[in-house]
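Only one structure is covered here, and it is reproduced in the block below.
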Amino acid sequence: MKVKKISHIGISVPSIEDYIGFFEGFLDLEFTGTEVVEDQKVKVAFLTIGESRIELLEPTAPDSPVQKYIDKNDGKPRIHHVAYEVEDLEAALEEAKEAGIKLIDEKPRIGAGGVRIAFIHPRASAGVLTELCEQH
Ligand code: ZN
37 MKVKKISHIG
47 ISVPSIEDYI
57 GFFEGFLDLE
67 FTGTEVVEDQ
77 KVKVAFLTIG
87 ESRIELLEPT
97 APDSPVQKYI
107 DKNDGKPRIH
117 HVAYEVEDLE
127 AALEEAKEAG
137 IKLIDEKPRI
147 GAGGVRIAFI
157 HPRASAGVLT
167 ELCEQH
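Remember, the working numbering sits 36 above the position in the sequence shown when you count from 1.
Listed below in structure tokens is the structure:
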């Protein structure tokens, strides 16, 4: 598999507003806006750091997968996933299937920014929910 870089690290937060100050203010990362991903019931704030990003993920509904994750962590923010940018997502998913890697998404779906993404099950990836994505 050809992984190009860490695309972003997703951090689940109960409220973007409560935590943006650390990332934009203290770390001085460039805040480039927010986007609601209806499919995932999540609002995403993007902060650029070099070639990568931090994405703050705030649930928009009680049944959001991100809300469930926050609930599991006693309502506290936590790293939610690490996303690797790959050259060819379909080829990467084929490779994963051949290697017996447990996938959450067998096929690419559309994530924030209209980018094609797919998640690998954390059981297969050192306990960390892992996203594969293609470049914007
Ligand atoms: Zn992501």
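Glycine included, each C-beta is placed from N, C-alpha and C at the ideal position.
Check: Is V122 buried or exposed, if buried means 16 or more other CB atoms sit within 10 Å of its CB?
Finding: By 1-based counting over the sequence shown, the position of residue 122 is 86. By the neighbour-count rule (16 or more Cβ atoms within 10 Å), V122 is buried.
Checklist line | Proximal residues to K38 (C-beta, below 7 Å), its chain only, five neighbours per side dropped | finding: The residue labelled residue 38 in the question sits at position 2 within the sequence shown. Excluding positions up to five away in sequence, the list reads V122 and E123.
Checklist line | Pairwise C-alpha distance: D110 and S161 | finding: The residue labelled residue 161 in the question sits at position 125 within the sequence shown. The residue labelled residue 110 in the question sits at position 74 within the sequence shown. Their backbone Cα atoms lie some 23 Å apart in a straight line.
Next item on the list: Can you tell me which of the three DSSP states E178 falls into?
Entry: Summary: the structure shown does not reach residue 178, with the chain confined to residues 37 through 172, and so no result is reported for it.
Next item on the list: Mind listing which residues have their beta carbon within less than 5 Å of any non-hydrogen atom of the ligand ZN? Chain order is fine.
Entry: Having a Cβ closer than 5 Å to some heavy atom of the ligand ZN are G46, A119 and E167.
Notebook entry, point to check: Looking at the structure shown, is E53 part of a helix, part of a strand, or coil, going by DSSP?
Noted result: As a working note, residue 53 is residue 17 in the sequence shown. Correct three-state label for E53: helix.
Item checked: Sheet register partners of Y120 (DSSP bridge) -> Taking the sequence shown and counting its residues from 1, one reaches residue 120 at position 84. DSSP lists I42 and L168 as partners of Y120.
Check: Where do the N-terminal and C-terminal ends of the alpha helix (DSSP H) with E60 fall, by residue?
Finding: Counting from one through the sequence shown, the residue named residue 60 turns up at place 24. Where E60 is concerned, there is no enclosing alpha helix (DSSP H), given that its DSSP letter is neither H nor E.
Notebook entry, point to check: What three-state label does DSSP hand I156 in the structure shown?
Noted result: As a first step, residue 156 is located in the sequence shown; it is residue number 120 there, counting from the start. Correct three-state label for I156: strand.
Margin query: DSSP three-state label for A162, please.
Written below: Residue mapping note: residue 162 aligns to position 126 of the sequence shown, counting from 1. A162 falls in the coil class under three-state DSSP.
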